[in-house]
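Each position in the sequence shown, counted from 1, maps to that position plus 562 in this note's numbering.
Single-structure report; data block below.
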Amino acid sequence: MAVDSTASTPALAEAKAQFIHTWGVTGASWGVSKTLAQVHALLLVSPTALSTEELMAQLKISRGNASMTVRELLDWGLIYKELRPGERREFFVAEKDMLQVTRCIIRARKRRELDQMKRSIDQLAALPGDPADADYRAFHTALADIQQLANASDKLLSRLMQAEKSWFWNTFIKLFM
């Protein structure tokens, strides 16, 4: 990865590069592409909006990879387009409010994972069968347990997405203290 030549000191440039690398590795362990996480990290620490060309140059990625990654970050609501009068290029800036970033991630993961799983489990739970059959009972007991957990998770995530910043941080701190 290229070191940001616009950073004010070599130490800052190295720290930014390390952050971008770490965010990329962490993102990969959360199930998103390393490049997506690295583009997000670069935009998080950038004081100004960056163009696709700047993202490509700093991260040494292809135009196709940069375009797909930017599109996905826009879909997640983690970055925004910044329009500049007289400029044909598009510029992108990251959402910097970490509570809002958390909400965007929760919303996207809930929509892509939890909501989809809930629909599937609900369809499977509607499967007719004989309650006297041990296999049928075991299957439906497992599905009911999963539905209960999924419904509780759905309520919690919905509450987190609507939470005020002070409530969120106070609740989060209480969980770990």
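In this text, a Cβ means the ideal position worked out from N, Cα and C, and glycines have one as well.
Could you spell out the range, first to last residue, of the beta strand (DSSP E) harbouring residue i?
i: V663; result: Unbroken run through V663 is the alpha helix (DSSP H), 660-671; no beta strand (DSSP E).
i: I641; result: 641-644
i: V655; result: 653-656
So that I know if they touch, is there some Cβ in chain D lying closer than 8 Å to that of residue i?
i: I668; result: The question asks about chain D, but that chain is absent: this structure has only one protein chain.
Mind checking residue i: buried by the 16 CB within 10 Å criterion, or exposed?
i: R665; result: buried
i: K736; result: exposed
i: T703; result: exposed
i: G626; result: exposed
i: L636; result: exposed
i: G589; result: buried
Who are the near neighbours of residue i in its chain, counting only those whose CB is closer than 7 Å to its CB and skipping five residues on each side?
i: L686; result: L705
i: L640; result: H602, A656, E657, V663, C666
What number of angstroms, rounded off, separates the C-alpha of residue i from the C-alpha of residue j?
i: Y747; j: L689; result: Nothing about residue 747 can be read from this structure; the chain reaches only from 563 to 739.
i: L612; j: R681; result: 39 Å
i: Y642; j: A670; result: 16 Å
i: R646; j: F654; result: 11 Å
i: A694; j: Q580; result: 60 Å
Can you tell me where the alpha helix (DSSP H) holding residue i begins and where it ends?
i: K680; result: 677-687
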